[in-house]
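Numbering (the numbering used here), first residue to last: 677 to 830.
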């Protein structure tokens, strides 16, 4: 759901107060770790995967829409995207940094949540220590960003 410029954390608190459990059983944001270099050292930062969006987990869309009213814009995630995000994030809703190597021009993730998902990696920025992962093609979400530190190139 689009936060409409509102702070995501405030939106989560607000929706948790406003919506019943019948409408939304859980309200959350997805985050990932990212490395940034400043003051001469590397620091891990937590970033929002989808800035300006809050996720509403609901089994009753009709009740959810009734409680929200018509002023809010909902984007529905299909089963393929939901399954991919649930497998990637699990229950934590936070994606830790992964580490890997590049061997013969192809990434090989050695540790972290991206291990085994090398075929989904479509771009690596070694300087920013991030990777772009392709989402399942059912919807136009496109790519998501995840932290990936390449420690060696063979």
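Even glycine gets a Cβ: it sits at the ideal position worked out from N, Cα and C.
Nearest-angstrom beta carbon gap, residue j and residue i [assumed within contact, 8 angstroms]
| i | j | result |
| --- | --- | --- |
| residue 775 | residue 825 | 5 angstroms |
| residue 684 | residue 705 | 5 angstroms |
| residue 729 | residue 678 | 6 angstroms |
| residue 823 | residue 805 | 6 angstroms |
| residue 759 | residue 773 | About 23 angstroms separates the two Cβ atoms, so there is no contact after all. |
DSSP state of residue i mapped onto helix, strand, coil
| i | result |
| --- | --- |
| residue 778 | strand |
| residue 763 | helix |
Alpha-carbon to alpha-carbon, residue j and residue i
| i | j | result |
| --- | --- | --- |
| residue 727 | residue 780 | 35 angstroms |
| residue 786 | residue 827 | 10 angstroms |
| residue 801 | residue 807 | 6 angstroms |
| residue 791 | residue 702 | 28 angstroms |
| residue 689 | residue 767 | 19 angstroms |
| residue 723 | residue 742 | 31 angstroms |
| residue 725 | residue 732 | 15 angstroms |
One or two residues paired with residue i in a DSSP bridge
| i | result |
| --- | --- |
| residue 826 | 776 |
| residue 678 | 729 |
| residue 771 | 708 |
| residue 787 | 775 |
inquiry  = Ignoring anything shorter than 3 residues, give me the beta strand (DSSP E) runs that lie fully in the segment 790-820, in order along the chain.
reply    = 797-801 and 806-810
request  = For the segment 685-746, list the alpha helix (DSSP H) runs that are entirely contained and at least 4 residues long, ordered along the chain.
outcome  = 737-744
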